[in-house]
Structure formats: structure tokens, C-alpha cells
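*Asks:* Chains as they are written, first to last, in full-length UniProt numbering: chain A, 1 to 474; chain B, 1 to 549. We treat Cβ as the ideally placed atom computed from N, Cα and C, and that holds for glycine. If you're wondering where the values come from, they're calculated on a predicted model, not measured in any experiment. If you scroll down you'll find the structure; I have some questions about it.
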Amino acid sequence: MASGTVAENKRVTNLSVSNHINHSRKVLNIYRVSASGTDKTKVTFCTDVDKSVIVHNFEKRGWVQVGPEDDWNFYWAVTQSCRNIFSVETGYRMDDKQLINHFPNHYELTRKDLLVKNIKRYRKELEREGNPLAERGDGPGKYLYLDFIPVTFVLPADYNMFVEEYRKSPQSTWIMKPCGKSQGTGIFLINKLSKLKKWSREAKNPFNPNLTKESYVISRYIDNPLLIGGKKFDLRLYVLITSFRPLKAYLFKLGFCRFCTVKYDTSIQELDNMYAHLTNVSVQKHGEEYNSKHGGKLSVHNLRLYLESTRGKAVTEKLFANIIWCIIHSLKAVAPVMANDRHCFECYGYDIIIDNDLKPWLIEVSQFLNNLFSYLVETYIILLSTVYNFDQNTVVHSVKWNKCPPPEALGNFELLLDEELVAQEEKEYSSGKYRKNKCPLNKTSKGGSEDEACVEATGMVCFNHQGACTKSSK
Amino acid sequence: MAENTGKSRKISLQKSAERLTEEIQSMANYKNLYTEIQKLVASTAVKREDFKNTLLEALKSNGLETEIRNTVFHWVRSQIFVTLSFNQMRFKGSLSAVSEASTEEVDLTYLKKAQIQWERRIQKSLNSTCNELNVPLARIRPNADREELAEKWNELSTYDIGDLNNDSLNKNSTKNLSQYRPLYAPKDFLDVLFSIRNPSFKKQPNELNWEFGHIQIRVKTLTQLRHLYVELAKGMSLLGVNPDMPSSENFTNLEEERIYIGEKVLKSNHAPIAQEFLKRGAPRALRGRLWSLVLGSTVKQNDLEYYEELKNMVLQYDIVIDKLIIKDVQLTARNDDQYFVFEDVLYKTMLCFSRDSEVLAPVTTDRSAGGQVIHAVLQGKPATLENTLVFPPSGVIPFHGFTMYATPFCYLYDDPCAMYYTFRAFYLRYWFRLHTVSSHEQGIVALCLLFERLLQCHEPLLWIHCRNIHIQPVKIVFKWIMRGFSGHLPPEQLLYLWDLILGYDSLEIIPLLAVTILSFRKENLMQAVLADLSSLKVVPLLQLALLRE
């Protein structure tokens, strides 16, 4: 009898999750009881993302697929189902053995307008504290170390501020992006205020009411991007977060560059040619020149080889250190507002453009949903299993575990920052117990000896305590 | 007696010096060098009263002496017939050392004949392509096309061959690129090599006839290779194994040490020192400059002018090779996830290369060449001398994958001109031997033979396994060898391999690596699977092969 109810309700929940909140809560409760009879020694996973690469990689580890109402350990969810789970109304409570792949308010990082807002607030706070990180440089509004996103305003709210900034350099080009959309949709470039006014008139057109609701961000366009073979590209890097407070972040080593298929050209005629300006694969693949064999992607490893060979080692190292710098500070900017649920982890896609002076600019952060490819998913799952102490066949995991994977479990990820480890070290250091060979951050791939790697990895945090010296030296 | 040898030595030394003075005058950078020296003589540093000593001193202090030394070094390396006197003068590159050994009385003229036949076959196939598509071998480029090409010189990927039809006079003369096919692929060339017969070799009635064993070229044994690649065999610390390896000196790690020494080497500007340095691997940031120094391909003013001339030649003449080149870049680099970003620069490089008549002489007069040259009369012109050109001007007819000889240089140089000259120097020193049949110790026949011998001696089980399933082992590795592994290894690994080619001035490392990979992947091979090479680390593998005794 119980199974009949479940089957029926499962159908209902699948059809319209949000309209049946009360109903499904009951179902979930019922089902959690009924599922207790299943094989508890297997790790179970659940996904509502229709991608074989996910299912395949979970199954490869011997995990068993179950439905969302079953007793899952690991939920690879679309944001909507994640929102439902965390909504107050469903009252779903995850136990110690359950994990989900989004933070409830991940949009603080992934929505274009909120990211900008958070970074602006972060800078102001540091400035108020008198933190040397927030030191100003020449020119108004310029931060020496925290100027890593292009000047950005939210429209229509900040329209007047934008006009003021625009008038300072009327020659420059700006890029308009709808806040809530991804994959390059709705993006356009403007180089005249009149064009923006025209757009705004059209957007307010009563026949097109949908457009008026949408807010946009307008950012100064990076019009001197680094070109290779005459073409523009951006970096797509993946960053895994297992906790925001303390911050624990890992960088996927096999990131790549996404190239435009058309030569870069800033002339006015070409301003509307999105194949020369937008690097999104979803845009480029419609171009005539798109090559599906490589999809316009060059590995970051090869980019580094090219840059070191043609521009030198020191500038290349500085560039990559600055890239890490922008990732870490974007994360620190959102950390205070993130709902740091211990059941959550999330992998974000970072889009970074490098300009011709080899300065990286953070363009946006996206959710890790599109663009799934097998080796990324695989290393991701392996790392997660270790972070959360999931064993292949038996469930011995718990979110109470301290989330410090040993170096050998990192695979193609590298540790960006673990504030907990850093704090521990600081404590040991200040109490005089610091010993060279007892470094947990055993990053042999980077520095020569272990203690040096430590300095490198903890550099970011030393910074917070001792002032703005570390960045320039490392 | 001793006096006698001393005397004859003196005479031969004098002879060589005379020859050197004569030939140095026809070298590309002679004019530059001469002007520089004249300037120096006119300066106050050189005193009239003590002309010789002050001149020598001045030459030394402003670096011209090094330039002269490097010029001599490059001249010696370019010598085809190495005379005994030069061996005595200890200018013994590994190339010259080996050639001495092979001057034994073995009749290898059948290889020469095979090459002549092969060249004729390619030319015939080229002619029939032209006939089939009804296009001329060469013609003056129509104006509209010339303008289009000039305008798109920096983005030739957008150059539309179809637009040639604008030219109303030759409406049917140009065809869509899709009708062009590469003249031959590595597979076809391997078939040619397999069909080579040593006329004095008596074949057993029922013996399979697919090995190079009957060709009497002397190749090295593993022991001899260990002797040659002594730095690898001794287990010295090399870049490309682990750059974070602790350094022997007071540096953070090996990479730091190599960078420090490498910069000193570059500062000294001595080509032979740079060559020696490459044996232990070049740091990324210095590699481009080191390679140019070793090959004497550093770009000077006259090189820039010459490069511009080549470009003008491309604009002026339309030859059928152009389509084959564009086709080849499209088939290779454009589809390669390591090289696609460099597509445009590769078109330029390969087109200019086809017009480079400085390539012709070394390629056609080398003892591995058949010397067959096509002369093409420009379409619609009387067959007079001034309307006739060597076709193509470089004498090199591209094949499928030819572009891969140039692609790795894209990672080293931003400047297309610098890339061009180092690629050209590399081609002339090494690559052209990989697509010609010859008895040369560095030629493809010798390299295949070396591969077979090494495999047979050191992996006999694998060898027998291949025989049993009727697969010629060389078939598996031939495309690696013919392309010097370009496009088969990730760029960084490939550059480490090519460091070794330059450092030891020998291609023997290529068949050695091929054998090592087969040996390393033996298990897979036995099950008839050979995965891709993207995860291999070249230097440790080679070290593994050379280290064990």
C-alpha cells in the first residue's frame, strides 16, 4: 500500500514541484520511512539534470541512483529543485549524510548585478576598516589591489551614475548584459549614449512588457584584450567551494581558453559582430567558422606555454597569480552573505578576460551546469567523495567531517585557499610550534620545497593580517 | 715523419681557410658582417700603428668575433661533404662523425634511383591534378585576387579561394578548394619505402619482404646511442623530467638554475655553447632565442626585407601549390586543438616558404635529393626563359601533414618573421630528410632501420608478436617519425624532444622515442590498442630507455 502512494505522489511531484509543496512534504516524510529498508551500504545519488555524463560518472563509482524522494546521499540538482529543498515551506531537513550541489543563495555570486554589488560593498568595508588591501591608486574610484572587475553599473537603478562615468570618457565602449541571463543572450555593445536611450525607449514599449522588468548591468568594455592569432579569447576556470565560512576553495587545473572565431576588430562596423566579441561557446557555435572538433578551446596549459615562451616567465607568473587573486577576493566578497549550509558544495565557472597588459579582469561567475565534460565531472566527484569522506561502497561519510582532503585526493584540483588550515597554521606559528616539515599544504607541483609551498598557499591570508605586502612579493 | 704530418696538416688547414673565406662571402649575413667590420675599422678603437692587434681586440670587445665564430659554425654545419681536414679541426658535429663511417664501399645507388623515381611520381601526380582540374601550374595572379590576398594577408583563414572566379578571363580555371587532394600522405610514402629493393639482396623464396634489414646503412646500436646521448644515459638532471627537482647549486630548483645559466649562454651569443646547453632542456622563456642562436636564424634587417620579397612573390604569382598548402593547413592545424589559434600565421609561413628559392639549392643538391626539378611556364606566356620558373620556387612539394613541420614554432615566436626563419632552418637541417629516400644517416630509411633494429634487439617478444599478426611495426610509428612527432605529442613535450634534436644535432632520438613508447605501451599493443600520446612525458621516457644497462 505504501509503495502505491509513493508511486502516485512521485508522479505528482515530478510534474509540478512548486504547486504541491504541502503535498510533497508529506510524501517525502512517508518515503523516507519506506526507503529505510534499502541497501544502506551503498552510496545513493539523485539527479534531475538530464546528462548522461553525470549518471555515468556516479555509476562508475558504484553509487546507486534513486529518485528525489528516496533516501539520497548526493543530489545533483537543478537550481529550482534546490530552491524547493531549502524553501521554508517544504520544511525538508537534510541529515548528516546528505549533500547537495548548490548553496541556497548562490546567486549572490552568479547573478551579474549581485556580484558587482557584493564586490563594491566588500571594497568599501575594507576601506572603512583601513585595510591596506583597499588602498586607492591614481584616479577616482581606482583601487590598487581590488580593481579586478570592469567599472559596472546596474540599469535602470544606477543610470545617473553611469551617465556621469560615461561623460568622463565618451570615447569608450560599454557592454550591456541582462542580469539574469547566461550564454551570451541579450548582450550588446554601445558606444553612444543615444544608442542606450533608444534601447531604453524601446524596452519600455508597452507592447513588450517583459523587457521592462529586466534589469541590466552595463560595464566598461575591455577593448584591449590580449589577442592570440589575432583573436579574442577568455578564460574559463572552474572553482569548487565546499564552504564559504571558513572559505575552502579548489581550482580545477584543466581550465581552458575559449576563442572567438572571427578576428578581433573594434571598428564601429564590427561592433555588432558578436562572433568577434563574445567568447561564449553558445554564441560561437552558430558562427560559420565554428570548428566542432575543438570548439575553439585551447587548454590553459598551452596558453601558459605560449605566454612564457613569447612574453617571459615573470610576467606570466604574475598574471596567473593575479587570476587567483581575483577569484579569491570575489569569493571573500560574497562569503559574508552566503547561506553557508554545511550540506552544500558548488562548482562555479569563472570567466576571465586578460587584457593586452596581461591584467586579468573578472567578467562573471556562472553556475556549473552547462558545459559538463566527463573528465571534469569525474575529478569533481572523486574530490568530493574524499572531501566528504564517501567511500565507494559503504556509507561512512558525514557532513560533520572536517572537509580537508589529503593532497593525493585532489587529482586535477589544486587548493586555492582553506581558511581553516591557514588559521591553524597561524596559531601554530604564533605559539612557536610551527615546524617546516609539518605543512599540510603539500603542493609539490608548485614550489620547490614544502615550506615554500606553504608560504605560497597561505599568502592570501597572511595578507589580511600583515598588510599588503604579500601580493607584490609572491 | 711527425714533421711530415704536421706539414700536411698545415697545408690542409690553409686549404680549408681559403675555401672558408671564399664561401663565407656568399652567405646571407656576409654583407652585414662586412659593413660592421668596416665601421669598426673606421672607429677610433682601431689604431693604424698596431692595426692587427687593435682590430682583433676591437672585434672581441664588441661581439663581432662571436658573430664570425658563429658564422663559421653555421658554415661547417651546412657542409655536405665533410672533408677530412675539418674532422681533424675538431669541428666534429655528430652528423659529420657518422658520415665518415659510411663511406665504406657499399653500393647504395638504388636508393638514389628510388628517390628519383619518387620525385617523378609526385611531379606526375601534380601534373595530372592540374590537367584534371584544368588549372595551370603557374600564372600571374589576377589583379582582383592579388588585392584580396594582400588585404587578407593577416587573416588568410577568411581568404576565399572561390572569389578567384571574379576573374572573367579564367572563369573555369580555378576550382573550389574541395576538389584539391593532398598529393600523398605518409602512408603512401611508406609504401614507397617498403617497395625499395636492394638488387644484390637474395630473398628467400617464402620470406616476408617488408623489413628494412636488407638495406646496408650503418645504424647505431643502443650502446652507441648511450654513448651519443651521454647526458641522458648518465641520469643527469634534465628539464622536462621535473622542473622542481632540487638544484645542485644554490638555486631554488632545477628550473631556476637552468634559467640562470641559459641567460648567461644567450649573453655569450656563442652558437656551439647554446647547442650544448639544449642537451639538458631549454626553459620555456629562453627556448625561442636559444634555437635561433643554434640555427643561426636570428632575424636581421636583410632577413626582414627578404621575407617581404617572399610575400610579394606570393602576391605576384598564383601557383597550384598554394591551394595544396591552404588545403593542408585546413586539414591539419585548423582542426587541431593545440594549434588552431595559429591557423592564420601558418598560411603565411607556408606560402612564403613555397616561394623561397634559398631553399631550393640545399634541398636539390643534397646527396639525399634526386635533383628532379619542374620548370613551369607561366600560363598564357611564350615559353621563354623569363617566363619560366622553377616550380615551386622552393623545390619542395607539400604533402598531407607538411604544415606540421612548422606548427610547433608558433608557440615560440610571436613574430611571423622570426618563426619563419627558425622553421626554415630547422627544415633545411632536419625535416627534408624525413620525406626523401636516401642513404643519409639522418634520412628516413636509416631512421626506420634504426627503429627496426632497436625493436628487434630490445623488444623481441613484441617484434615476434607483430610478425605473427602480420603487422609491420614500423607502420604503427611511421607517421610519428615522418612528422618528428609533431601533432602527436602535446606541444610542450614536443618542444623538449626538439631541444634534444638540436642539442645533439641528430634525428636518431625520434626512432628511439618511438621504440620506447612501444615498449612502454607493450601491454596495450599486445591487445592491439595504442592509446593516444597526450599523457606521455618525453624526457623521462628517453632517460628510461638510455639509462638501463
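Using a beta-carbon distance below 8 Å, is T310 of chain A in contact with chain B?
*Replies:* Translated into the one-based positions of the first sequence, residue 310 of chain A becomes position 310. Closer than 8 Å: yes.
*Asks:* Pick helix, strand or coil for C344 of chain A, following the three-state DSSP scheme.
*Replies:* As a working mapping, residue 344 of chain A is identified with position 344 in the first sequence. Residue state, collapsed to three classes: strand.
*Asks:* Quick check on the burial criterion: 16 or more other C-beta atoms within 10 angstroms. Buried or exposed for M236 of chain B?
*Replies:* Reading the second sequence from its first residue, position 236 is the one you call residue 236 of chain B. Counting Cβ neighbours within 10 Å, M236 of chain B comes out exposed, since fewer than 16 surround it.
*Asks:* Mind reading off the beta-carbon distance from K60 of chain B to N302 of chain B? Whole number of angstroms is fine, and I expect it under 8 Å.
*Replies:* Here residue 60 of chain B is taken as the residue at index 60 of the second sequence, counted from 1. Here residue 302 of chain B is taken as the residue at index 302 of the second sequence, counted from 1. So it is not a contact: roughly 25 Å between Cβ atoms.
*Asks:* Mind checking the stretch 10-37 of chain B against chain A and listing, in chain order, the residues whose C-beta falls within less than 9 Å of any C-beta there?
*Replies:* Answer in chain order: no residues at all.
*Asks:* I'd like the ranges of any beta strand (DSSP E) spanning at least 3 consecutive residues and lying wholly in the stretch 265-334 of chain A.
*Replies:* With a minimum length of 3 residues, the continuous beta strand (DSSP E) runs that stay inside the stretch 265-334 of chain A are 297-299.
*Asks:* Using C-beta distances below 6 Å, list every residue in its chain close to H400 of chain B, excluding the 5 sequence neighbours before and after it, in chain order.
*Replies:* As a working mapping, residue 400 of chain B is identified with position 400 in the second sequence. So the list reads P182 and A185, once near-sequence residues are dropped.
*Asks:* Judging by CA-CA distance, which residue of A:A321, A:Y238, A:K263 and A:C347 is the nearest neighbour of S299 of chain A?
*Replies:* Position 299 of the first sequence, counted from the first residue, corresponds to residue 299 of chain A. Checking every option, the nearest Cα to that of S299 of chain A belongs to A:Y238.
*Asks:* For L225 of chain B and I444 of chain B, which I take to be in contact (beta-carbon distance under 8 Å), what is that distance rounded to the nearest angstrom?
*Replies:* Your numbering for residue 225 of chain B matches position 225 in the second sequence. Your numbering for residue 444 of chain B matches position 444 in the second sequence. In fact, because the Cβ distance is near 18 Å, the residues do not count as touching under 8 Å.
*Asks:* Which bits of chain A does D50 of chain B rub up against, with CB to CB less than 9 Å?
*Replies:* Taking the second sequence and counting its residues from 1, one reaches residue 50 of chain B at position 50. Correct list: empty, because the minimum Cβ distance to chain A is about 44 Å.
*Asks:* Can you check DSSP and say which residues form a bridge with D318 of chain B?
*Replies:* The sequence position of residue 318 of chain B within the second sequence is 318, counting from 1. BP columns for D318 of chain B point to B:R139.
*Asks:* Do we get a CB-CB distance below 8 Å when we pair F259 of chain A with the residues of chain B?
*Replies:* Looking up residue 259 of chain A in the first sequence gives position 259. Yes, because at least one Cβ of chain B sits closer than 8 Å to the Cβ of F259 of chain A.
*Asks:* Taking the alpha-carbon positions, what's the I481 of chain B to I510 of chain B distance?
*Replies:* Indexing the second sequence from 1 puts residue 481 of chain B at position 481. Indexing the second sequence from 1 puts residue 510 of chain B at position 510. Computed Cα separation, rounded: 6 Å.
*Asks:* So, with DSSP's three-state summary, where would you put L547 of chain B?
*Replies:* Reading the second sequence from its first residue, position 547 is the one you call residue 547 of chain B. In the structure shown, L547 of chain B sits in a helix (DSSP, three-state: H, G or I).
*Asks:* On a CA-only basis, which of A:K181, A:P156 and A:R83 is nearest K197 of chain A? Give me that one, please.
*Replies:* Position 197 of the first sequence, counted from the first residue, corresponds to residue 197 of chain A. Minimum Cα distance to K197 of chain A is reached at A:P156.
*Asks:* Are the stretch 212-225 of chain A and the stretch 115-134 of chain B touching, with three or more C-beta to C-beta distances below 8 Å?
*Replies:* Judged by Cβ distances under 8 Å, the stretch 212-225 of chain A makes no contact with the stretch 115-134 of chain B, as fewer than three pairs qualify.
*Asks:* Please classify V363 of chain B as buried or exposed, where buried requires at least 16 neighbouring CB atoms within 10 angstroms.
*Replies:* Indexing the second sequence from 1 puts residue 363 of chain B at position 363. So V363 of chain B ends up on the buried side.
*Asks:* What first and last residue would you give for the beta strand (DSSP E) that runs through H243 of chain A?
*Replies:* Reading the first sequence from its first residue, position 243 is the one you call residue 243 of chain A. Residue identity check: residue 243 of chain A is Ser in the sequence provided, not His. K231 to F244 is the span of the beta strand (DSSP E), which, as asked, contains S243 of chain A.
*Asks:* In the DSSP assignment, find the alpha helix (DSSP H) that holds Y34 of chain B and state where it starts and stops.
*Replies:* As a first step, residue 34 of chain B must be located in the second sequence, where it is residue number 34. Per DSSP, Y34 of chain B belongs to the alpha helix (DSSP H) from Y30 to A42.
*Asks:* Assign C260 of chain A to one of three DSSP states: helix, strand, or coil.
*Replies:* In the first sequence, the residue the question calls residue 260 of chain A occupies position 260. Correct three-state label for C260 of chain A: coil.
*Asks:* Could you check whether the Cβ of G255 of chain A sits closer than 8 Å to any Cβ belonging to chain B?
*Replies:* Translated into the one-based positions of the first sequence, residue 255 of chain A becomes position 255. Taking Cβ atoms only, chain B never reaches closer than 8 Å to G255 of chain A, which makes this a no.
*Asks:* Please identify, using Cβ separations under 9 Å, the residues of the stretch 282-299 of chain A that lie next to chain B, in order along the chain.
*Replies:* From the stretch 282-299 of chain A, only E289, N291, K293, H294, G295, G296, K297, L298 and S299 have a Cβ closer than 9 Å to chain B.
*Asks:* Hey, A406 of chain B and T349 of chain B: beta-carbon distance below 8 Å or not?
*Replies:* Taking the first residue of the second sequence as 1, we reach residue 406 of chain B at position 406. Taking the first residue of the second sequence as 1, we reach residue 349 of chain B at position 349. In this structure, T349 of chain B lies closer than 8 Å to A406 of chain B by Cβ.
*Asks:* Output yes if chain A places a C-beta closer than 8 Å to the C-beta of M419 of chain B; else output no.
*Replies:* Position 419 of the second sequence, counted from the start, is the residue given in the question as residue 419 of chain B. Not closer than 8 Å to any Cβ of chain A, the Cβ of M419 of chain B fails to qualify, so no.
*Asks:* Return the bridge partner residues of D505 of chain B from the DSSP annotation.
*Replies:* Along the second sequence, read from residue 1 onward, the residue named residue 505 of chain B stands at position 505. The partner list for D505 of chain B (beta bridge, DSSP) is empty, contrary to what the question assumes.
*Asks:* Tell me whether the stretch 248-261 of chain A and the stretch 285-305 of chain A touch, counting them as touching only if at least three CB pairs, one residue from each stretch, are closer than 8 Å.
*Replies:* Yes, the stretch 248-261 of chain A is in contact with the stretch 285-305 of chain A.
*Asks:* Is the CB of A285 of chain B under 8 Å away from at least one CB in chain A?
*Replies:* As a first step, residue 285 of chain B must be located in the second sequence, where it is residue number 285. Closer than 8 Å: yes.
*Asks:* Can Y250 of chain A and L410 of chain A be called in contact, C-beta distance under 8 Å?
*Replies:* Counting from 1 along the first sequence, the entry for residue 250 of chain A is found at position 250. Counting from 1 along the first sequence, the entry for residue 410 of chain A is found at position 410. Contact flag set, yes.
*Asks:* State the Cα-Cα distance for the pair T129 of chain B and Y180 of chain B, rounded to the nearest angstrom.
*Replies:* Residue numbering aside, residue 129 of chain B sits at position 129 when the second sequence is read from its first letter. Residue numbering aside, residue 180 of chain B sits at position 180 when the second sequence is read from its first letter. Each residue's Cα considered, the two are about 8 Å apart.
*Asks:* Can you tell me whether Y421 of chain B is helix, strand or coil according to DSSP?
*Replies:* On the second sequence, position 421 is the one that residue 421 of chain B refers to. Three-state result, Y421 of chain B: helix.
*Asks:* If you draw a straight line from the C-alpha of H74 of chain B to the C-alpha of Y421 of chain B, how long is it?
*Replies:* Residue mapping note: residue 74 of chain B aligns to position 74 of the second sequence, counting from 1. Residue mapping note: residue 421 of chain B aligns to position 421 of the second sequence, counting from 1. Approximately 14 Å between the Cα atoms of the pair.
*Asks:* Under the assumption that I217 of chain B contacts S506 of chain B (Cβ atoms under 8 Å), give the Cβ distance between them as a whole number of angstroms.
*Replies:* Here residue 217 of chain B corresponds to residue number 217 of the second sequence, with the count starting at 1. Here residue 506 of chain B corresponds to residue number 506 of the second sequence, with the count starting at 1. So it is not a contact: roughly 15 Å between Cβ atoms.
*Asks:* From L378 of chain B to M404 of chain B, what distance separates their C-alpha atoms?
*Replies:* Position 378 of the second sequence holds residue 378 of chain B. Position 404 of the second sequence holds residue 404 of chain B. Distance between the alpha carbons of L378 of chain B and M404 of chain B is about 30 Å.
*Asks:* Give the single residue among A:I100, A:E288, A:K42 and A:L109 whose Cα lies nearest to the Cα of I363 of chain A.
*Replies:* If you number the first sequence from 1, residue 363 of chain A lands on position 363. Per the Cα distances, A:L109.
*Asks:* Could you check the C-alpha separation between Y350 of chain A and E419 of chain A for me, to the nearest Å?
*Replies:* Within the first sequence, the letter at position 350 stands for residue 350 of chain A. Within the first sequence, the letter at position 419 stands for residue 419 of chain A. Those two C-alpha atoms are separated by around 21 Å.
*Asks:* Does DSSP classify W75 of chain B as helix, strand or coil?
*Replies:* Looking up residue 75 of chain B in the second sequence gives position 75. In the structure shown, W75 of chain B sits in a helix (DSSP, three-state: H, G or I).
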